[in-house]
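Student: Encoded as C-alpha coordinates, here's the structure I'll be asking about.
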Amino acid sequence: MKPYIELSYGQVAMAAGLVLINGAISVLLRLDLERRLLIAAVCTVVQLLLIGLVLEWVFRVDRWYVVLGMMTIMTVVAGVAATQRTRFRYPGMRSRSLLATWGSSWVVAAIALGAIVRVRPWYTPQYAIPLLGMILGNTLNGVSLGLDRLGGELAARRDRVEGLLALGASRWEAASGPVREAVKTGLIPTINAMMVVGIVSLPGMMTGQLLAGTSPVEAVKYQVVIMFLVASGTALGTVSVVLLSYRRLFNDDHQFLGGLLE
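So in numbering that gives the first Met the number 0, spot 132 of the sequence shown is number 131, and the numbers just go up one at a time.
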(Lines of atoms letter the chains of each structure in order from A and count residues from 1; the text may use other names and numbers.)
(Lines give C-alpha, C1' and ligand atoms only; values in the text may rest on other atoms or scores of the structure.)
Protein backbone atom coordinates (compact mmCIF):
# COMPACT_ATOMS: atom_id res chain seq x y z
CA MET A 1 0.00 0.00 0.00
CA LYS A 2 1.21 3.49 -0.84
CA PRO A 3 1.66 5.90 2.08
CA TYR A 4 -1.02 8.42 3.05
CA ILE A 5 -0.70 11.72 1.12
CA GLU A 6 -1.11 14.75 3.34
CA LEU A 7 -2.93 17.66 1.69
CA SER A 8 -1.70 21.22 1.88
CA TYR A 9 -4.05 24.19 2.33
CA GLY A 10 -3.24 25.16 -1.26
CA GLN A 11 -4.55 21.83 -2.53
CA VAL A 12 -7.71 22.26 -0.46
CA ALA A 13 -8.13 25.73 -1.97
CA MET A 14 -7.82 24.25 -5.47
CA ALA A 15 -10.67 21.85 -4.67
CA ALA A 16 -12.74 24.71 -3.28
CA GLY A 17 -12.24 26.55 -6.56
CA LEU A 18 -14.22 23.84 -8.31
CA VAL A 19 -17.33 25.31 -6.71
CA LEU A 20 -16.92 28.16 -9.21
CA ILE A 21 -18.17 25.70 -11.84
CA ASN A 22 -21.44 25.46 -9.93
CA GLY A 23 -21.62 29.23 -9.80
CA ALA A 24 -21.03 29.50 -13.55
CA ILE A 25 -23.81 27.01 -14.24
CA SER A 26 -26.14 29.01 -12.00
CA VAL A 27 -25.31 32.23 -13.86
CA LEU A 28 -25.65 30.68 -17.32
CA LEU A 29 -29.00 29.05 -16.53
CA ARG A 30 -30.20 31.99 -14.41
CA LEU A 31 -30.86 29.75 -11.43
CA ASP A 32 -30.15 32.57 -8.97
CA LEU A 33 -28.23 30.18 -6.72
CA GLU A 34 -24.88 31.98 -6.64
CA ARG A 35 -25.42 33.56 -3.23
CA ARG A 36 -26.66 30.31 -1.69
CA LEU A 37 -23.72 28.42 -3.19
CA LEU A 38 -21.27 30.94 -1.74
CA ILE A 39 -22.89 30.77 1.70
CA ALA A 40 -22.95 26.95 1.57
CA ALA A 41 -19.27 26.82 0.56
CA VAL A 42 -18.23 29.19 3.36
CA CYS A 43 -20.33 27.26 5.90
CA THR A 44 -18.72 24.01 4.79
CA VAL A 45 -15.19 25.33 5.25
CA VAL A 46 -15.85 27.15 8.53
CA GLN A 47 -17.82 24.31 10.12
CA LEU A 48 -15.34 21.61 9.15
CA LEU A 49 -12.35 23.67 10.28
CA LEU A 50 -14.02 24.33 13.62
CA ILE A 51 -14.94 20.69 14.16
CA GLY A 52 -11.42 19.70 13.15
CA LEU A 53 -9.96 21.95 15.84
CA VAL A 54 -12.47 20.70 18.42
CA LEU A 55 -11.77 17.06 17.60
CA GLU A 56 -8.01 17.61 17.81
CA TRP A 57 -8.53 18.89 21.36
CA VAL A 58 -10.93 16.04 22.24
CA PHE A 59 -8.53 13.42 20.90
CA ARG A 60 -5.65 14.99 22.84
CA VAL A 61 -7.56 15.22 26.14
CA ASP A 62 -9.05 11.70 25.80
CA ARG A 63 -11.37 11.86 28.85
CA TRP A 64 -14.73 10.08 29.06
CA TYR A 65 -16.66 13.16 30.16
CA VAL A 66 -15.31 15.23 27.27
CA VAL A 67 -16.24 12.54 24.73
CA LEU A 68 -19.65 12.10 26.36
CA GLY A 69 -20.22 15.86 26.22
CA MET A 70 -19.31 15.94 22.53
CA MET A 71 -21.64 13.04 21.78
CA THR A 72 -24.45 14.74 23.68
CA ILE A 73 -24.07 17.97 21.71
CA MET A 74 -24.07 16.03 18.43
CA THR A 75 -27.25 14.19 19.45
CA VAL A 76 -29.13 17.31 20.52
CA VAL A 77 -28.26 19.09 17.28
CA ALA A 78 -29.40 16.04 15.25
CA GLY A 79 -32.67 15.69 17.15
CA VAL A 80 -33.54 19.35 16.69
CA ALA A 81 -32.42 19.45 13.05
CA ALA A 82 -34.71 16.53 12.20
CA THR A 83 -37.77 18.73 12.78
CA GLN A 84 -36.61 21.81 10.87
CA ARG A 85 -37.94 20.94 7.41
CA THR A 86 -41.19 19.16 8.18
CA ARG A 87 -44.30 20.62 6.54
CA PHE A 88 -46.63 19.80 9.43
CA ARG A 89 -45.76 20.42 13.04
CA TYR A 90 -47.43 19.75 16.37
CA PRO A 91 -46.69 20.70 20.00
CA GLY A 92 -44.02 18.45 21.48
CA MET A 93 -42.66 17.27 18.13
CA ARG A 94 -39.13 18.46 18.88
CA SER A 95 -38.92 16.60 22.19
CA ARG A 96 -40.19 13.40 20.58
CA SER A 97 -37.70 13.75 17.75
CA LEU A 98 -34.89 14.23 20.25
CA LEU A 99 -36.02 11.24 22.33
CA ALA A 100 -36.26 8.94 19.29
CA THR A 101 -32.94 10.10 17.86
CA TRP A 102 -31.14 9.88 21.19
CA GLY A 103 -32.50 6.50 22.21
CA SER A 104 -32.02 4.71 18.89
CA SER A 105 -28.58 6.07 18.01
CA TRP A 106 -27.06 5.60 21.46
CA VAL A 107 -28.36 2.04 21.81
CA VAL A 108 -26.91 1.06 18.44
CA ALA A 109 -23.65 2.92 19.15
CA ALA A 110 -23.33 1.17 22.52
CA ILE A 111 -23.74 -2.23 20.85
CA ALA A 112 -21.15 -1.27 18.24
CA LEU A 113 -18.58 -0.03 20.74
CA GLY A 114 -19.12 -2.70 23.39
CA ALA A 115 -19.96 -5.87 21.48
CA ILE A 116 -18.97 -5.53 17.82
CA VAL A 117 -15.84 -3.38 17.54
CA ARG A 118 -15.07 -3.95 21.25
CA VAL A 119 -13.33 -0.66 21.87
CA ARG A 120 -11.38 -0.44 25.13
CA PRO A 121 -12.04 1.93 26.73
CA TRP A 122 -15.48 2.56 25.19
CA TYR A 123 -14.98 6.34 25.07
CA THR A 124 -11.91 6.19 22.79
CA PRO A 125 -12.71 9.26 20.65
CA GLN A 126 -11.19 7.78 17.50
CA TYR A 127 -14.07 5.28 17.45
CA ALA A 128 -16.88 6.63 19.64
CA ILE A 129 -17.38 9.98 17.92
CA PRO A 130 -17.19 8.88 14.24
CA LEU A 131 -19.40 5.84 14.83
CA LEU A 132 -22.09 7.83 16.62
CA GLY A 133 -21.82 10.60 14.03
CA MET A 134 -22.51 8.25 11.11
CA ILE A 135 -25.43 6.65 12.93
CA LEU A 136 -26.85 10.05 13.89
CA GLY A 137 -26.59 11.49 10.39
CA ASN A 138 -28.68 8.73 8.88
CA THR A 139 -31.10 8.45 11.80
CA LEU A 140 -31.74 12.19 11.48
CA ASN A 141 -32.81 11.72 7.85
CA GLY A 142 -35.10 8.81 8.70
CA VAL A 143 -36.73 10.68 11.58
CA SER A 144 -37.23 13.80 9.48
CA LEU A 145 -38.74 11.92 6.54
CA GLY A 146 -40.97 9.85 8.83
CA LEU A 147 -42.30 12.91 10.63
CA ASP A 148 -42.96 14.75 7.41
CA ARG A 149 -44.76 11.83 5.78
CA LEU A 150 -46.87 11.08 8.86
CA GLY A 151 -48.08 14.68 9.09
CA GLY A 152 -48.78 14.82 5.37
CA GLU A 153 -50.66 11.51 5.32
CA LEU A 154 -52.82 12.38 8.35
CA ALA A 155 -53.63 15.82 6.95
CA ALA A 156 -54.51 14.42 3.53
CA ARG A 157 -56.59 11.56 4.97
CA ARG A 158 -58.19 13.51 7.79
CA ASP A 159 -61.77 12.92 6.60
CA ARG A 160 -61.14 9.21 6.17
CA VAL A 161 -59.43 8.90 9.56
CA GLU A 162 -62.22 10.73 11.36
CA GLY A 163 -64.83 8.74 9.43
CA LEU A 164 -63.29 5.46 10.54
CA LEU A 165 -63.19 6.64 14.14
CA ALA A 166 -66.84 7.70 13.93
CA LEU A 167 -67.74 4.22 12.70
CA GLY A 168 -66.13 2.65 15.78
CA ALA A 169 -62.58 1.98 14.58
CA SER A 170 -59.78 2.21 17.10
CA ARG A 171 -57.14 4.89 16.76
CA TRP A 172 -54.67 2.28 15.48
CA GLU A 173 -57.10 0.99 12.87
CA ALA A 174 -57.68 4.54 11.67
CA ALA A 175 -54.01 5.57 11.65
CA SER A 176 -52.20 2.36 10.74
CA GLY A 177 -52.06 3.27 7.02
CA PRO A 178 -50.36 6.67 7.54
CA VAL A 179 -48.07 5.15 10.19
CA ARG A 180 -46.87 2.42 7.82
CA GLU A 181 -46.34 4.89 4.98
CA ALA A 182 -44.32 7.16 7.29
CA VAL A 183 -42.05 4.34 8.45
CA LYS A 184 -41.53 3.10 4.88
CA THR A 185 -40.62 6.61 3.71
CA GLY A 186 -38.06 6.99 6.48
CA LEU A 187 -36.37 3.68 5.62
CA ILE A 188 -36.33 3.89 1.82
CA PRO A 189 -33.13 6.03 1.49
CA THR A 190 -31.16 3.64 3.69
CA ILE A 191 -32.44 0.57 1.84
CA ASN A 192 -31.60 2.19 -1.51
CA ALA A 193 -28.09 2.98 -0.29
CA MET A 194 -27.58 -0.61 0.86
CA MET A 195 -28.71 -1.94 -2.53
CA VAL A 196 -26.00 -0.12 -4.48
CA VAL A 197 -23.18 0.29 -1.96
CA GLY A 198 -19.84 -0.72 -3.45
CA ILE A 199 -21.23 -0.87 -6.99
CA VAL A 200 -22.52 2.64 -7.66
CA SER A 201 -20.64 4.41 -4.88
CA LEU A 202 -17.89 3.88 -2.32
CA PRO A 203 -19.13 5.16 1.07
CA GLY A 204 -17.28 7.89 2.91
CA MET A 205 -15.78 5.77 5.66
CA MET A 206 -14.48 3.14 3.26
CA THR A 207 -13.04 5.82 0.99
CA GLY A 208 -11.34 7.51 3.93
CA GLN A 209 -9.77 4.28 5.11
CA LEU A 210 -8.52 3.47 1.62
CA LEU A 211 -6.97 6.92 1.30
CA ALA A 212 -5.32 6.42 4.69
CA GLY A 213 -3.67 3.22 3.43
CA THR A 214 -5.93 0.60 5.04
CA SER A 215 -6.24 -2.76 3.31
CA PRO A 216 -9.33 -2.83 1.02
CA VAL A 217 -10.60 -5.99 2.73
CA GLU A 218 -10.32 -4.37 6.17
CA ALA A 219 -12.03 -1.22 4.86
CA VAL A 220 -14.86 -3.36 3.47
CA LYS A 221 -15.38 -5.13 6.81
CA TYR A 222 -15.70 -1.82 8.62
CA GLN A 223 -18.07 -0.49 5.97
CA VAL A 224 -20.32 -3.54 6.22
CA VAL A 225 -20.54 -3.00 9.98
CA ILE A 226 -21.31 0.68 9.48
CA MET A 227 -24.06 0.00 6.94
CA PHE A 228 -25.82 -2.39 9.30
CA LEU A 229 -25.42 -0.02 12.25
CA VAL A 230 -26.86 2.81 10.17
CA ALA A 231 -29.77 0.66 8.99
CA SER A 232 -30.58 -0.40 12.58
CA GLY A 233 -30.33 3.13 13.97
CA THR A 234 -32.49 4.56 11.20
CA ALA A 235 -35.15 1.88 11.62
CA LEU A 236 -35.32 2.27 15.40
CA GLY A 237 -35.36 6.06 15.21
CA THR A 238 -38.02 6.23 12.49
CA VAL A 239 -40.34 3.71 14.13
CA SER A 240 -39.91 5.40 17.53
CA VAL A 241 -40.66 8.93 16.36
CA VAL A 242 -43.63 7.84 14.22
CA LEU A 243 -45.21 5.89 17.10
CA LEU A 244 -44.52 8.67 19.59
CA SER A 245 -46.13 11.15 17.19
CA TYR A 246 -49.09 8.86 16.60
CA ARG A 247 -49.66 8.65 20.36
CA ARG A 248 -49.56 12.45 20.58
CA LEU A 249 -52.04 13.00 17.76
CA PHE A 250 -54.63 10.50 19.04
CA ASN A 251 -55.94 10.53 22.61
CA ASP A 252 -56.98 7.60 24.80
CA ASP A 253 -60.61 8.10 23.77
CA HIS A 254 -59.64 7.27 20.18
CA GLN A 255 -60.10 10.81 18.93
CA PHE A 256 -57.89 12.37 16.25
CA LEU A 257 -56.36 15.62 17.45
CA GLY A 258 -55.93 16.97 13.93
CA GLY A 259 -56.12 20.54 15.17
CA LEU A 260 -52.63 20.13 16.63
CA LEU A 261 -51.11 19.87 13.15
CA GLU A 262 -49.95 23.25 11.93
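Cβ atoms here follow ideal geometry from the backbone N, Cα and C, with glycine treated the same way.
#1: Looking at Leu135: is its Cβ nearer than 8 Å to the Cβ of Met194?
#2: If you measure between the beta carbons of Phe87 and Ala174, is that distance less than 8 Å?
#3: Answer yes or no: do Leu139 and Val178 have a C-beta to C-beta separation smaller than 8 Å?
#4: Among Gln46, Leu47, Ala23, Leu48, which one has its Cα closest to the Cα of Leu36?
#5: Please report the straight-line C-alpha distance between Leu17 and Asp252, rounded to a whole angstrom.
#6: Starting from Arg62, trace the alpha helix (DSSP H) in both directions and tell me its first and last residue.
#7: Just verifying my parser: in three-state terms, what is the DSSP assignment at Phe227?
#8: Taking DSSP's pairing of strands, which residues face Phe249 in a bridge?
#9: Find out if the Cβ-Cβ distance for the pair Pro120, Leu259 is shorter than 8 Å.
#10: Please tell me whether Leu146 and Met92 are closer than 8 Å, where the distance is taken between their beta carbons.
#11: Counting beta carbon pairs with one atom in the stretch 201-212 and one in the stretch 221-236, are three or more of them shorter than 8 Å?
#12: Within 10 Å of its beta-carbon, does Ile4 have 16 or more other beta-carbons around it, so buried, or fewer, so exposed?
#13: Excluding the 5 residues preceding and the 5 following Val26 in the sequence, name in chain order all residues of the same chain whose CB lies nearer than 7 Å to its CB.
#14: Between which two residues does the alpha helix (DSSP H) containing Trp121 stretch?
#15: Run through the stretch 138-221 for me and flag every whole alpha helix (DSSP H) of 4 or more residues, listed as ranges in chain order.
Tutor: Walking through what the data contain:
#1: Position 136 of the sequence shown, counted from the start, is the residue given in the question as residue 135. Position 195 of the sequence shown, counted from the start, is the residue given in the question as residue 194. Not a contact, by the Cβ cut-off of 8 Å.
#2: The residue given as residue 87 occupies position 88 in the sequence shown. The residue given as residue 174 occupies position 175 in the sequence shown. No.
#3: As a working mapping, residue 139 is identified with position 140 in the sequence shown. As a working mapping, residue 178 is identified with position 179 in the sequence shown. No.
#4: Here the question's residue 36 lines up with position 37 in the sequence shown. Leu36 has its Cα closest to that of Ala23, out of Gln46, Leu47, Ala23, Leu48.
#5: Reading the sequence shown from its first residue, position 18 is the one you call residue 17. Reading the sequence shown from its first residue, position 253 is the one you call residue 252. Taking the straight line from one Cα to the other gives about 59 Å.
#6: By one-based count along the sequence shown, residue 62 stands at place 63. Element bounds for Arg62: n/a, residue is neither H nor E.
#7: Looking up residue 227 in the sequence shown gives position 228. Phe227 carries a helical assignment under DSSP once its states are collapsed to helix, strand and coil.
#8: Working through the sequence shown from its first residue, we reach residue 249 at position 250. The secondary-structure analysis by DSSP pairs Phe249 across a beta bridge with Phe255.
#9: Residue mapping note: residue 120 aligns to position 121 of the sequence shown, counting from 1. Residue mapping note: residue 259 aligns to position 260 of the sequence shown, counting from 1. The Cβ atoms of Pro120 and Leu259 lie no closer than 8 Å to each other.
#10: By one-based count along the sequence shown, residue 146 stands at place 147. By one-based count along the sequence shown, residue 92 stands at place 93. In this structure, Leu146 sits near Met92, with a CB-CB distance shorter than 8 Å.
#11: Between the stretch 221-236 and the stretch 201-212 there are three or more inter-stretch CB-CB distances shorter than 8 Å, so the stretches are counted as touching.
#12: The residue given as residue 4 occupies position 5 in the sequence shown. With fewer than 16 other Cβ atoms within 10 Å, it is exposed.
#13: Stepping through the sequence shown from its first residue, residue 26 is reached at position 27. Correct list, in chain order: Glu33.
#14: Here residue 121 refers to the residue found at position 122 of the sequence shown. Annotation: Trp121 is outside any alpha helix (DSSP H) and is labelled neither H nor E by DSSP.
#15: With a minimum length of 4 residues, the continuous alpha helix (DSSP H) runs that stay inside the stretch 138-221 are 157-165, 170-195, 203-210.
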